[in-house]
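Numbering (the working numbering), first residue to last: 4 to 142.
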């Protein structure tokens, strides 16, 4: 438990937080200059931020549940493939496509839980004994 807590709840949050920060930089670029053609740096920031977040989240899921998250692996690959396209496309288009990739992961996870392919990470709670019986006995 100590190793899991140290790795999953300390170290593996760093790439997720870094991914959020890099994504914010990419958002700022695409909002302030939406029609500008991308550069290598801009494409790397716009696509790399979400990829870094998904990598950290995938590693977190592996550390906790010992399962590789296929949707995250596919999404990271798609985001990396988007980088060369992002170097010539308008920044806003690159940002929209990278957002669509992340939304695809969310949709995949939601559908998997809804169809019972994977179990929800939330524990199923049973009612307490006090909730099963009436609060007052009428004698």
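Even glycine gets a Cβ: it sits at the ideal position worked out from N, Cα and C.
Any idea what DSSP makes of residue i, helix, strand or coil?
{"i": "residue 18", "result": "helix"}
{"i": "residue 70", "result": "coil"}
{"i": "residue 37", "result": "coil"}
{"i": "residue 118", "result": "coil"}
What separation, rounded to the nearest whole angstrom, lies between the Cα atoms of residue i and residue j?
{"i": "residue 66", "j": "residue 10", "result": "8 angstroms"}
{"i": "residue 16", "j": "residue 56", "result": "9 angstroms"}
{"i": "residue 47", "j": "residue 14", "result": "23 angstroms"}
{"i": "residue 52", "j": "residue 83", "result": "11 angstroms"}
{"i": "residue 89", "j": "residue 69", "result": "34 angstroms"}
{"i": "residue 103", "j": "residue 92", "result": "16 angstroms"}
Go ahead and label residue i buried or exposed: buried means 16 or more other beta carbons lie within 10 angstroms of its beta carbon, across all protein chains shown.
{"i": "residue 94", "result": "buried"}
{"i": "residue 20", "result": "exposed"}
{"i": "residue 97", "result": "buried"}
{"i": "residue 27", "result": "exposed"}
{"i": "residue 71", "result": "exposed"}
{"i": "residue 105", "result": "buried"}
{"i": "residue 61", "result": "buried"}
{"i": "residue 86", "result": "buried"}
Spell out whether any CB of chain C is found under 7 angstroms from the CB atom of residue i.
{"i": "residue 23", "result": "Absent here is chain C; the protein component of the structure consists of one chain."}
Per the DSSP calculation, residue i is bridged to which residue(s)?
{"i": "residue 93", "result": "40"}
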